[in-house]
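Quick mapping for you: the protein sequence lines, in order, are chains A and B. Just so you know, we're using this note's numbering here: the first sequence kicks off at 934 and counts up by one. Just so you know, we're using this note's numbering here: the second sequence kicks off at 13 and counts up by one. Reading through the structure tokens given below for one structure.
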Amino acid sequence: MEKERAVITVNGADHPGIIATITNVLADMNINIEDLSQTVLQDLFTMIMIVDLRGADITELQGKLNKAGAKQGVRITVQHENIFKYMHRV
Amino acid sequence: MLFSTEEILETIRMIAVENLDIRTVTLGINLQGCASDDVDVVSQRIHDKIVTTANQLVPEADSIESKYGIPIVNKRVAVTPIATLIDAFVANMSEDDATVAGVQIAKSMDSAAKFVGIDFIGGYSAMVHKGFTGGSTALINSIPKALTETETVCSSVNVASTKSGINMDAVIKMGKIIKSASKKPINCAKLVTFANAPPDNPFMAGAFHGSGEPEAVINVGISGPGVIRSVVEQAENSDLGTLAESIKRTAFKIARVGELVGREIASRLGVKFGIIDLSLAPSPIRGDSVANILEAMGLERCGTHGSTAALSLLTDAVKKGGAMASSYVGGLSGAFIPVSEDYGMAKAVEVGAINLDKLEAMTSVCSVGLDMVVVPKDTTSETISAIIADECAIGVVNNKATGVRIIPAGKEGDYVEFGGLLGRSPVLSVGKFHSEKFVLRGGRIPAPIQSLTG
């Protein structure tokens, strides 16, 4: 099966536990993190993760992460990698 | 990283801040197989065909919207011009019976559209650029009633083409039909009079499934004036050649999203992928405006001197960038300047920066003509016909699609509200001098010569 990746973007006020909450959701769904970058600018937390979906349903992932995001007070976006491929790669 | 942080954040900013969206995914459906000499049979077949072909359109579009995190604002259906189906049964009908039959078909389209959950269905249409058939006459006569008695049905009539000239008899007729339909002004927002109507346009109100199209096809309309405006603002100190280059690059990215969504939805529905329409479609949201792009280029207000040149630069750059992004480009492909649907355009009218004459000039370099233009309610049908004839001449001579979506409502100085994506607009003034002697001569203005243009 062709590898399907998603890009997860997280924005919000920095505080302990954001990454732990998100990675727990990913681990529960057997989703592998391939790359991760994180910055904190003026207390604003921004994290970008590229994950291998390994057959997991992207809509289910979005649902779970939205719930986790709401608890943590951060905004989480999950998008299939193809939108970035199409836009930024010729 | 597979993508740089800047690339990822750029895409997210375009969607979240600059209102990038897929404006419409339009499923074209061939209805020719629904023909019968019995209007009840035609209506039933049309309903069934639309429901069967389009039942997965909305769920699949919603699923793709969520997968890529890009809003797909409208899901629509375009069908074979209905006049051809009316031809099959109208021969021995009285004019009144023919109107009733037309309205019955429109209602059947409306009911199917609501059943599958789409917002508009286009194709209550006739092609009369060279002359009328029984079916096209009946359809055109029934337009005011059909639009009044339905909610989702959109209508278009092609009255001119580069190859056949301008059918002034049809132009006269459309002036009257628009006047009659305007008893309920929203009707006129669902009615376009075209020259050179494209067979694969995904945008309403002018979408229909033209001849030469496959059984079913997905055509996609993109948006993105906010994204382009932002690029223009960032290129504050660029000369116009460099500015065009920046617009091209961004138009490429926008069109790529359309290509991605179009291909995926076509494949999920098991139908052909048709085209991306590269038109920049504005919306009444502040900032999502084509007029604001021209203003960001350095014009104090859209409509002032320089607006035609600025719009021509914009349209050309968008087409060049978009053409590279997609294997198949079609529809209207330009920049829309619908007055009520574009916050900046409506504002430009309000402050007196733009009038009907300048709008007409601007339509010679973009698509799709005089769009969502509100004129005083007491404008005569002959004046409306003359406005249509002028716009057709621009389309016919320049070998491009032009349309007129004009709404007689209110009086000069009034603001007319349509709601939603149709927006609001001040009433524009029309010329004080008469044109009816010219218009009422009727006949057909011959096709323009295509050579000797020096």
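The beta carbon of each residue, even a glycine, is placed where N, CA and C say it ideally should be. Everything numeric in this text was worked out from a predicted model, so none of it was measured.
(1) My output table needs one value for Ile46 of chain B: the three-state DSSP class, helix, strand or coil.
(2) Taking a cut of 7 Å between CB atoms, which residues from the segment 259-287 of chain B lie near chain A?
(3) Excluding sequence positions up to five away, which residues of its chain have a Cβ less than 6 Å from the Cβ of Lys332 of chain B?
(4) Determine the contact status of Asp108 of chain B and Phe215 of chain B, defining contact as a CB-CB distance below 8 Å.
(5) Just the Cα atoms here: how many angstroms apart are Ser397 of chain B and Met357 of chain B?
(6) Taking 8 Å as the CB-CB limit, is Gln975 of chain A close to chain B?
(7) According to DSSP, is Arg268 of chain B helix, strand or coil?
(8) Would Ala322 of chain B and Ser235 of chain B qualify as a contact pair, given that the criterion is a beta-carbon distance under 8 Å?
(9) Against chain B, does Thr992 of chain A count as a neighbour if the rule is that its beta carbon must be under 8 Å from one of theirs?
(10) Tell me whether Asn999 of chain A sits in a helix, a strand or coil according to DSSP, three-state version.
(11) Should Thr956 of chain A be flagged as near chain B, meaning a C-beta pair shorter than 8 Å?
(12) List the residues of chain A that Leu14 of chain B touches, going by C-beta distances under 9 Å, in chain order.
(13) Distance check for Gly274 of chain B and Leu39 of chain B, CA to CA, integer angstroms please.
(14) Apply the 10 Å Cβ neighbour rule to Lys202 of chain B and answer buried if 16 or more other Cβ atoms are within range, or exposed otherwise.
(15) Starting from the beta carbon of His948 of chain A, find every residue of chain B whose beta carbon is closer than 7 Å, and list them in chain order.
(16) Can you find the residues in the same chain that come closer than 7 Å, C-beta to C-beta, to Lys126 of chain B, ignoring five residues on each side of it along the sequence?
(17) Looking only at DSSP bridge pairs, what is Ile966 of chain A linked to?
(18) Note down, in chain order, each residue of its chain lying with its Cβ closer than 7 Å to the Cβ of Glu429 of chain B, except the 5 sequence neighbours on either side.
(19) Comparing alpha-carbon positions, which option in A:Ser970, A:Asp976 and A:Ile1016 lies nearest Gly81 of chain B?
(20) Go ahead and label Gln462 of chain B buried or exposed: buried means 16 or more other beta carbons lie within 10 angstroms of its beta carbon, across all protein chains shown.
(21) Identify which residue in B:Asn86, B:Arg35, B:Ile76 and B:Leu21 has its Cα closest to the Cα of Met982 of chain A.
(22) Compare the C-beta of Gln1005 of chain A against all C-beta atoms of chain B and say whether one is closer than 8 Å.
(23) Name the residue from B:Ile230, B:Ala247, B:Asn410 and B:Glu245 whose alpha carbon lies nearest to the alpha carbon of Glu276 of chain B.
(24) So what does DSSP say about Ile164 of chain B, is it helix, strand or coil?
(25) Hey, is the segment 65-80 of chain B in contact with the segment 140-156 of chain B, meaning 3+ C-beta pairs nearer than 8 Å?
(26) Could you tell me whether any Cβ in chain A is nearer than 8 Å to the Cβ of Ile536 of chain B?
(27) Note the first and the last residue of the continuous alpha helix (DSSP H) segment covering Ser393 of chain B.
(28) At a CB-CB cut-off below 7 Å, which residues of chain A make contact with Lys79 of chain B?
(29) Please say whether Met121 of chain B and Ile130 of chain B have beta carbons closer to each other than 8 Å?
(30) 8 Å is my cut-off, CB to CB: does Ile396 of chain B come that close to chain A?
(31) Roughly how many angstroms separate the alpha carbons of Glu362 of chain B and Gln971 of chain A, rounded to a whole number?
(32) Measuring CA to CA, which of B:Pro211, B:Ala113 and B:Ile41 is closest to Ser48 of chain B?
(33) Can we count Pro83 of chain B as close to the ligand HEM, meaning its CB is less than 7 Å from some heavy atom?
(34) Pull out every residue of the segment 25-41 of chain B whose Cβ sits closer than 7 Å to any Cβ of chain A, in chain order.
(35) Taking only beta-carbon atoms, is Ile82 of chain B less than 8 Å away from chain A?
(36) If you compare alpha carbons, which of B:Leu326, B:Val302, B:Ile287 and B:Gly315 is closest to Gly343 of chain B?
In terms of the structure at hand:
(1) Residue mapping note: residue 46 of chain B aligns to position 34 of the second sequence, counting from 1. For the sequence presented, residue 46 of chain B should be read as Cys rather than Ile. Of the three classes helix, strand and coil, the one that applies to Cys46 of chain B here is helix, per DSSP.
(2) Lys265, Arg268, Val269, Glu271 and Leu272
(3) Taking the first residue of the second sequence as position 1, residue 332 of chain B is located at position 320. Excluding positions up to five away in sequence, the list reads Lys260.
(4) Position 96 of the second sequence, counted from the start, is the residue given in the question as residue 108 of chain B. Position 203 of the second sequence, counted from the start, is the residue given in the question as residue 215 of chain B. No, these two residues do not count as a Cβ contact at 8 Å.
(5) Counting from 1 along the second sequence, the entry for residue 397 of chain B is found at position 385. Counting from 1 along the second sequence, the entry for residue 357 of chain B is found at position 345. C-alpha separation (whole angstroms): 23 Å.
(6) The count along the first sequence starts at 1 and reaches residue 975 of chain A at position 42. Taking Cβ atoms only, chain B never reaches closer than 8 Å to Gln975 of chain A, which makes this a no.
(7) Counted from its first residue, the second sequence places residue 268 of chain B at position 256. Helix.
(8) Against the second sequence, residue 322 of chain B aligns to sequence position 310. Against the second sequence, residue 235 of chain B aligns to sequence position 223. Against a cut-off of 8 Å, the Cβ pair of Ser235 of chain B and Ala322 of chain B comes out as no contact.
(9) For the purposes of this step, residue 992 of chain A is taken as the residue at position 59 of the first sequence. Interface residue, yes.
(10) By one-based count along the first sequence, residue 999 of chain A stands at place 66. The answer is helix: DSSP assigns Asn999 of chain A an H, G or I state.
(11) On the first sequence, position 23 is the one that residue 956 of chain A refers to. No, no contact with chain B.
(12) Translated into positions along the second sequence, residue 14 of chain B becomes position 2. Under the 9 Å cutoff, chain A gives Arg938, Val940, Glu967, Asp968, Ile983, Glu1014, Phe1017 and Lys1018.
(13) Against the second sequence, residue 39 of chain B aligns to sequence position 27. Against the second sequence, residue 274 of chain B aligns to sequence position 262. Leu39 of chain B and Gly274 of chain B: Cα-Cα distance of roughly 10 Å.
(14) Position 190 of the second sequence, counted from the first residue, corresponds to residue 202 of chain B. Looking at its Cβ environment, which holds 16 or more other Cβ atoms inside 10 Å, Lys202 of chain B is buried.
(15) For the purposes of this step, residue 948 of chain A is identified with residue 15 of the first sequence, where counting begins at 1. None at all; the shortest Cβ gap to chain B is about 21 Å.
(16) On the second sequence, residue 126 of chain B is found 114 positions in, with the first residue counted as 1. Cβ within range, chain order: Thr164.
(17) In the first sequence, counting from the first residue as 1, residue 966 of chain A sits at position 33. Ile966 of chain A pairs with A:Val984.
(18) Within the second sequence, the letter at position 417 stands for residue 429 of chain B. Counting only Cβ-Cβ distances below 7 Å, and skipping sequence neighbours, we find Arg436.
(19) As a first step, residue 81 of chain B is located in the second sequence; it is residue number 69 there, counting from the start. Here the closest residue by C-alpha is A:Ile1016.
(20) Walking along the second sequence from the start, residue 462 of chain B turns up at place 450. Result: exposed.
(21) As a first step, residue 982 of chain A must be located in the first sequence, where it is residue number 49. Nearest of B:Asn86, B:Arg35, B:Ile76 and B:Leu21 to Met982 of chain A, Cα basis: B:Leu21.
(22) Your numbering for residue 1005 of chain A matches position 72 in the first sequence. Not one chain B Cβ lies under 8 Å of Gln1005 of chain A.
(23) Start at 1 with the first residue of the second sequence, and residue 276 of chain B comes out as number 264. Taking only the C-alpha atoms, the option nearest Glu276 of chain B is B:Ile230.
(24) For the purposes of this step, residue 164 of chain B is taken as residue 152 along the second sequence, with counting starting at 1. Ile is not the amino acid found at residue 164 of chain B; the sequence shown has Thr there. Coil, per DSSP.
(25) no
(26) Missing from the structure shown is residue 536 of chain B; chain B here goes from 13 to 466 and no further.
(27) Along the second sequence, read from residue 1 onward, the residue named residue 393 of chain B stands at position 381. That run of the alpha helix (DSSP H) goes Ser393 to Val409.
(28) The count along the second sequence starts at 1 and reaches residue 79 of chain B at position 67. Those are Ile991 and His1013, listed as they occur along chain A.
(29) If you number the second sequence from 1, residue 130 of chain B lands on position 118. If you number the second sequence from 1, residue 121 of chain B lands on position 109. Not a contact, by the Cβ cut-off of 8 Å.
(30) For the purposes of this step, residue 396 of chain B is taken as residue 384 along the second sequence, with counting starting at 1. Cβ-Cβ to chain A under 8 Å: no for Ile396 of chain B.
(31) Counting from 1 along the second sequence, the entry for residue 362 of chain B is found at position 350. Counting from 1 along the first sequence, the entry for residue 971 of chain A is found at position 38. Using only the alpha carbons, I get a separation of about 47 Å.
(32) Along the second sequence, one-based indexing puts residue 48 of chain B at 36. Selected option, being the one with the closest Cα: B:Ala113.
(33) No copy of the ligand HEM occurs in the structure displayed, which carries no ligand at all.
(34) none
(35) Locating residue 82 of chain B in the second sequence gives position 70, where the first residue counts as 1. By this cut-off, Ile82 of chain B is an interface position.
(36) Here residue 343 of chain B refers to the residue found at position 331 when the second sequence is read from its first residue. Among B:Leu326, B:Val302, B:Ile287 and B:Gly315, the Cα nearest to that of Gly343 of chain B belongs to B:Ile287.
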